[in-house]
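A.B. asks: Pasting in a structure now, in structure tokens, and then I'll have a few things to ask.
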DNA sequence: CATGAATGAGAATTCATTCAT
DNA sequence: AATGAATGAATTCTCATTCAT
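Residue numbers (UniProt numbering), protein chains in the order written: chain W, 1 to 196; chain F, 1 to 196; chain P, 1 to 196; chain B, 1 to 196.
Given below as structure tokens:
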């Protein structure tokens, strides 16, 4: 089991990083939020970058695990796709802070950002694999599965994030919105927008 | 006509901001890139924030204008949607740096980020209006046009951005990819992923 | 006659310098207050220091002239002392901004501050001369006339300045206070504080 | 007991502030004079303003304490007044740098300057109270005790300050001057300048 | 393991002054 | 005479990181 303090620091760090982004986040604030001395953070993490990376790595790992778990409940690619959409939206709603960081800290030239995109790619590959399975099995008809996976990732992610900001502070409405958002993505995937 | 120096500073600022993001960008670098003294930037812009905001405002304004121009060439909502997808992807490809900033600097609690999301919302409304026109005319069948607009925005944006990073440094391949990406988004919009 | 613009700049400069003190005063603000371009100030004055010095020199010159004029109306040293006290207090009340600068910018190691103290000394000598005349004529009994002159200068100056700040924004009360202040200084000079 | 470094910084700050005044004083110089890194100052004080305010507050606090201690040795208002004059002049001579700052940084619109005047007022009230006690006991005859207190403060302060500048660099003469100055102020208070 | 005082390399911003027009 | 855009040296303040205790 991970050292207790590490967990406390982790909790605090998500809050602070999500509040302000990587650059604006201050180690002082993280220390204060965690209720430990600044030196203690440095005892457990080599640097701010390392703390952040560890954090994001765990975060996106959780997303991937959660998605995998939901997918594995089904064997049919179409049902798996449904499950993935559900999982993605739920996870983003339950991890709003991580969701913000996921998009805002993914683009850039820093090594940490590159590492980060590698993990996102891993998640997109997960989607892509479902698509490829569906094509294989004849259930799905997709020309560019990789691009399609990334488009699906973008549609679902931005949709939730957009909603998070427009419903800022209205926790209740968010839950109701979850259905609307799932419906929207499903409609996009499984129906043509065209009437008939 | 805008003052010449302001334009030079603008050009330099896009480069530098896109290279490093708002926080990492240094006014020194912008000044150097622009070939002016640091003070000159401050003579024209009150602060780094203001420079950035002016920049992003113009950038997203260009995106909106470009999209509107493309849309206005058609009167049929479905053709307009096609045009919008085309415009969006082309604009992102031709303004890669802006595209990165568009997504990475939109989420946060800073006033500038809020202002920025307001402008993005304006663009999403543009999409939403096409969808509503299509519903009205009976051409489209969409339950939640606002959510759908934001999903479309997300799909197209992340798709291009993802491609920008995976093709980093391969300018030629990017152009070819444009078609693949447009096809992907069109497929998502106008076909079901399901085989028949 | 002095160039018209110089006068305009002078007027503006007193306001701004008094508002913020030498260091905090900005040439930009003076230019704006004067309604001229910043370059124009530099056309007429070599530097901020020179503008300030010219200003203070004129200001203290006015004080000295005003005091001399009032003194010269009397030939008796005691009446002259009365006249001086009256003039001093009146001048400080009518030139509040100059009064503030007079005390706050007089102490320091800068050449301008030294020049400034030289002029104040000139004023103190004026008081001292009245005292010496009074000693000579047997009207006054003072052991250290120079020190006494400087003490009188301090008493009257600080008294008015203290009142200026305590009555900030109450123009009317200031006028009434003038009498109280004159009485106070006269009492200090011509009576013992001791009862009988 | 205050942290050792804080004291060192305090010592250095008085020197530097008095040398150049608030605005011209550089944090770099204070740091160098204190033999600490610039960051260390900011670790202990939020800003230059706060450091200065803390400094002046302590300084004028010392003056008040010193005066009170001297006054409390006597019960007769007249003797107390003598003691106060003695204390004031001694304190100004022994704290020349503070004395300069006391007068030059008291006038202005900055919050710190306002705070500062509040403390000076506290000192003037101390004088005023002695005067009121004397009136009460019938020892003194004063019409406007508050104004008189402020005039006394001004007379003694400016007298010493004027002397400090005229004897710059002649430490020995200063001590001798102390008597002359005390005599002058006492004469002002307890005798009429008029001969008989 | 934990602490928090101390550090110092930056970075944003300011503003007197210059000078081409 | 007057202008105001441009400059760049100077200065405050920040904050990740270190290290002695």
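Note that CB positions come from ideal geometry on N, CA and C, so glycine has one too.
This one's a predicted model, so the numbers in the text were calculated from it and none came from an experiment.
Can you check whether the C-beta of residue 88 of chain F is within less than 8 Å of a C-beta belonging to chain W?
C.D. replies: Judged by the 8 Å Cβ criterion, residue 88 of chain F is not in contact with chain W.
A.B. asks: So which residues on chain B does residue 100 of chain P lean against when the C-beta distance must stay under 8 Å?
C.D. replies: Residues of chain B passing the Cβ test: 107 and 108.
A.B. asks: Ignoring anything shorter than 4 residues, give me the alpha helix (DSSP H) runs that lie fully in the region 106-165 of chain B, in order along the chain.
C.D. replies: For the region 106-165 of chain B, whole alpha helix (DSSP H) runs of length 4 or above, ordered along the chain, are 111-137.
A.B. asks: In whole angstroms, give me the CA-to-CA distance for residue 194 of chain P and residue 52 of chain B.
C.D. replies: Their backbone Cα atoms lie some 40 Å apart in a straight line.
A.B. asks: Any C-beta of chain W within less than 9 Å: which residues of the UniProt domain "HTH tetR-type" (3-63) of chain F qualify?
C.D. replies: Per Cβ criterion, the list reads 19, 20, 21, 22, 23 and 24.
A.B. asks: How is the alpha helix (DSSP H) around residue 56 of chain P delimited, first residue to last?
C.D. replies: From DSSP, the alpha helix (DSSP H) with residue 56 of chain P extends over 48-71.
A.B. asks: With residue 143 of chain B and residue 187 of chain P assumed to form a contact (beta carbons below 8 Å), what rounded beta-carbon distance in angstroms separates them?
C.D. replies: About 7 Å; that satisfies the 8 Å criterion.
A.B. asks: Residues of chain P with CB closer than 9 Å to the CB of residue 181 of chain B, please, in chain order.
C.D. replies: Neighbours of residue 181 of chain B on chain P, chain order: 144, 147 and 151.
A.B. asks: So, is the C-beta of residue 194 of chain P closer than 8 Å to a C-beta in chain B?
C.D. replies: Yes - at least one Cβ of chain B is within 8 Å of the one on residue 194 of chain P.
A.B. asks: Let me see if you follow: with CB-CB separation under 8 Å, is residue 71 of chain B close to chain P or not?
C.D. replies: False, the Cβ-Cβ gap to chain P never drops below 8 Å.
A.B. asks: Under a CB-based cut-off of 8 Å, is residue 191 of chain B close to chain P?
C.D. replies: Yes, its Cβ sits closer than 8 Å to a Cβ of chain P.
A.B. asks: Just mark residue 251 of chain W as buried or exposed, buried being the case when its beta carbon has 16 or more other beta carbons within 10 Å.
C.D. replies: The structure shown does not extend to residue 251 of chain W, since chain W is modelled only from 1 to 196, so the question has no answer here.
A.B. asks: Look at residue 185 of chain P and residue 92 of chain P and say whether their C-beta atoms are less than 8 Å apart.
C.D. replies: Not in contact: residue 185 of chain P and residue 92 of chain P (Cβ atoms no closer than 8 Å).
A.B. asks: For residue 70 of chain B, which residues from the same chain have a beta carbon less than 6 Å from its beta carbon, with the 5 sequence-adjacent residues on both sides left out?
C.D. replies: Excluding residues within five positions, the ones whose Cβ falls inside 6 Å are 83 and 87.
A.B. asks: Could you tell me which of F:8, F:174, F:155 and F:5 sits nearest to residue 94 of chain F, measuring between CA atoms?
C.D. replies: Nearest option by C-alpha distance: F:174.
A.B. asks: Show which residues of chain F have a CB atom less than 8 Å away from the CB atom of residue 165 of chain W.
C.D. replies: Neighbours of residue 165 of chain W on chain F, chain order: 107 and 117.
A.B. asks: Assign residue 67 of chain F to one of two classes, buried (16 or more other C-beta atoms within 10 Å of its C-beta) or exposed (fewer than that).
C.D. replies: Looking at its Cβ environment, which holds 16 or more other Cβ atoms inside 10 Å, residue 67 of chain F is buried.
A.B. asks: How big is the Cα-Cα spacing for residue 61 of chain B and residue 15 of chain B?
C.D. replies: Straight-line Cα distance between these residues: approximately 18 Å.
A.B. asks: 8 Å is my cut-off, CB to CB: does residue 169 of chain F come that close to chain W?
C.D. replies: With 8 Å as the cut-off, residue 169 of chain F does not count as an interface residue toward chain W.
A.B. asks: Shortest alpha-carbon distance to residue 79 of chain W belongs to which of W:147, W:139, W:3 and W:172?
C.D. replies: Ranking W:147, W:139, W:3 and W:172 by Cα distance to residue 79 of chain W puts W:139 first.
A.B. asks: Buried or exposed for residue 118 of chain F, please, with buried defined as at least 16 other CB atoms from any protein chain shown within 10 angstroms of its CB.
C.D. replies: Counting Cβ neighbours within 10 Å, residue 118 of chain F comes out exposed, since fewer than 16 surround it.
A.B. asks: Tell me whether the beta-carbon of residue 5 of chain F lies closer than 8 Å to the beta-carbon of residue 27 of chain F.
C.D. replies: Taking 8 Å as the Cβ cut-off, residue 5 of chain F and residue 27 of chain F do not qualify as a contacting pair.
A.B. asks: Is the CB of residue 155 of chain B under 8 Å away from at least one CB in chain P?
C.D. replies: Closer than 8 Å to some Cβ of chain P, the Cβ of residue 155 of chain B qualifies, so yes.
A.B. asks: Look up residue 194 of chain F in the DSSP assignment and give the residues it is bridged to.
C.D. replies: According to DSSP, residue 194 of chain F bridges with W:140.
A.B. asks: Tell me where the alpha helix (DSSP H) around residue 86 of chain F begins and ends.
C.D. replies: 77-94 is the extent of the alpha helix (DSSP H) around residue 86 of chain F.
A.B. asks: Could you check if residue 123 of chain B is buried or exposed, using at least 16 other CB atoms within 10 Å of its CB as the buried criterion?
C.D. replies: By the neighbour-count rule (16 or more Cβ atoms within 10 Å), residue 123 of chain B is buried.
A.B. asks: Please compile the residues from chain W whose C-beta is within a distance smaller than 8 Å of the C-beta of residue 75 of chain F.
C.D. replies: Here the premise fails: no neighbours, minimum Cβ distance about 17 Å.
A.B. asks: When DSSP labels each residue in this structure, what does residue 169 of chain W get in the three-state scheme?
C.D. replies: Residue state, collapsed to three classes: coil.
A.B. asks: Of all the CB atoms in chain B, is at least one closer than 8 Å to the CB of residue 139 of chain P?
C.D. replies: Yes, residue 139 of chain P counts as interfacial toward chain B.
A.B. asks: Just the Cα atoms here: how many angstroms apart are residue 130 of chain F and residue 32 of chain W?
C.D. replies: Each residue's alpha carbon lies about 49 Å from the other.
A.B. asks: Output the distance between the C-alpha atoms of residue 169 of chain F and residue 36 of chain P, rounded to the nearest integer angstrom.
C.D. replies: Approximately 53 Å, taken between the alpha carbons.
A.B. asks: When the Cα of residue 151 of chain P is compared with those of B:63, B:89 and B:29, which residue comes out closest?
C.D. replies: When each option's Cα is compared against that of residue 151 of chain P, the closest is B:89.
A.B. asks: According to DSSP, is residue 45 of chain F part of a helix, a strand, or is it coil?
C.D. replies: Coil.
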